[in-house]
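Mind the numbering: the sequence shown is residues 95 to 479 in the working numbering, read in order. Note that CB positions come from ideal geometry on N, CA and C, so glycine has one too. For reference, the structure is listed below as structure tokens.
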Amino acid sequence: MSNFFSQNKIRPWVLLSVFAIVALILWNTNVLFQILKEEERTKMELWATAQQELIENSDLSRDYGILAFDVLQKIGVTPMIQVNASGYIKDFKNIDWDIQRDPDSLKLYDLLNKLKLENAPIAIRYKDVVNQTLYYGDSELLKKLQYYPLALLLIMALFAAVLFFFFQTSKASEQNRLWAGMAKETAHQIGTPLSSLMGWITLLKEQNIAPASVDEMEKDVDRLTVITERFSKVGSLPELHNHDVAQATEEAILYLKKRSSQLILWTWDVPQKEIRIPINLPLYSWTLENLIKNGIDAMKGQGSLTIELVERKTEVVVRVSDTGQGIAPKNVKRIFNPGFTTKQRGWGLGLSLVRRIIVDYHQGSVAVLKTEMGKGTTFEIRLKK
């Protein structure tokens, strides 16, 4: 079933088939409506003929008189008003109006005006002169049938919306599975040489060769191990544990500061105390690194970078500010979309992953707090305690 809907060549035929079926149903409904309307017209003409016969022949004992009287008694449910030659209402039938309780004839004349708009009147003649005029409206069945196409269109619109949502969800799910598969395969491929590097570092430490350099190499290898772990967790629901978010934030800052341009002025305000909240430590660090690296890229390696962590009663707020080129207003709502990027190189997945990690996994929020072209951007993360 999913393979059937995922084929782009089949989708247009599915939509065309649906629209063809809807058009056929609407056409048949219209034909049925016209047939019923003609039948009601015929009944009213028959009633008018019977009325005319009674006017011209008052002898009800004759066969045609009995038949005419019988027709008049079995008019059905069609609302009708009979007026004389002067335009005054003479009689009415099948109209929910009690003249004894509500003697206001103006309401009845308002109804008469409505009936005049619904159907053409039928003249009742006496000696070739129009003696009376019959006005009639649509029966309840016809009125309900008029709304049937609208109800059908609403149902089909709902069906189309569900179908569109299904297509979009299937496409997004397929893309997510693809990215998750690529991430896991990347983690697997990195794992083998990474194990070898860890072995070589252990060997260098045992031989006491360039201890300072080996220590830095070990930090980078540990970093690669963390990155590999992150990639291996893409696509699976991460576990949240209570960690010190202040320490994790400062460690990420110090690691990136040492490996960034010396032309960047780093400023951070992180409370020097333990702030434990439920987070996935590798993914949180990944999120913070993404935002910081985006700021560094926006400043093109030169400018001021500010990181602030604020503890509140029910949440922790992390802000990352840069003095880069800023974000165009038209792009503010799109920057978290998968594949969106303003860089010449890049897949546009960084901020998409940031939102997924913070919003979907941690039930928090991430947004552009403020941005101004040529002056910089501030991102804000909110995490629940």
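Same chain only: Cβ atoms within 7 Å of residue i, ignoring 5 sequence neighbours per side
i	result
Met-311	Ile-295
Glu-466	Gly-420
Gln-283	none
Gly-468	Gln-419, Gly-420
Arg-156	In this predicted model, Arg-156 has a pLDDT of only 49, less than 50, meaning its place in the structure is not dependable enough to derive any value.
Val-448	Thr-381, Asn-384, Leu-385, Val-460
Lys-210	Tyr-229
Beta carbon of residue i nearer than 8 Å to that of residue j
i	j	result
Ala-346	Glu-383	yes
Ile-373	Val-339	yes
Trp-362	Thr-417	no
Gln-396	Ile-452	no
Val-460	Thr-471	no
Gln-146	Leu-228	no
Lys-478	Glu-409	yes
Asn-188	Gln-226	no
Ile-475	Val-412	yes
Tyr-242	Thr-172	no
Pro-423	Ser-446	no
Ile-371	Asn-336	yes
Pro-332	Leu-288	no
Glu-212	Asp-232	yes
Leu-236	Lys-131	yes
Val-315	Met-292	yes
Ile-390	Leu-246	no
Ile-183	Leu-200	no
Val-116	Met-250	yes
Val-224	Ala-217	yes
Phe-113	Leu-239	no
Gly-458	Asn-388	no
Same chain, Cβ closer than 6 Å to residue i, five either side skipped, listed in chain order
i	result
Met-95	Confidence at Met-95 is low in this model, with a pLDDT of 41, below 50, so the placement of that residue should be treated as unreliable; the coordinate-derived value is given next. Excluding positions up to five away in sequence, the list is empty.
Ser-415	Thr-400, Thr-472
Trp-360	Lys-351, Leu-399
Pro-197	In this prediction, Pro-197 scores a pLDDT of 49, lower than 50, which makes its location untrustworthy; the coordinate-derived value is nonetheless stated afterwards. No residues qualify anywhere along the chain.
Ala-392	Asp-416, Gly-418, Gln-419
Gln-194	With a pLDDT of 49 at Gln-194, under the threshold of 50, the predicted position of this residue should be treated as unreliable, though the coordinate-derived value follows. Excluding residues within five positions, none has a Cβ falling inside 6 Å.
Ala-142	Ile-216, Ile-218, Leu-228
Opposing strand residues paired with residue i [DSSP bridges]
i	result
Ile-218	Gln-226
Asp-338	Arg-370
Gly-470	Glu-466
Ala-461	Glu-474
Asp-185	Gln-176
Trp-362	Ile-401
Beta strand (DSSP E) segment containing residue i, residue limits
i	result
Asp-416	409–416
Gly-397	397–405
Leu-211	Looking at the DSSP string, Leu-211 is not in any beta strand (DSSP E); the run it does join, the alpha helix (DSSP H), is 199–212.
Boundaries of the alpha helix (DSSP H) in which residue i is found, first to last residue
i	result
Asp-190	Note, Asp-190: premise wrong, no alpha helix (DSSP H); not H, not E.
Val-448	444–449
Ile-452	First-last for Ile-452: undefined, no H or E at that position.
Ser-379	375–392
Proximal residues to residue i (C-beta, below 8 Å), its chain only, five neighbours per side dropped
i	result
Glu-344	Trp-362, Val-364
Leu-375	His-335, His-337, Ala-342
Glu-234	Val-171
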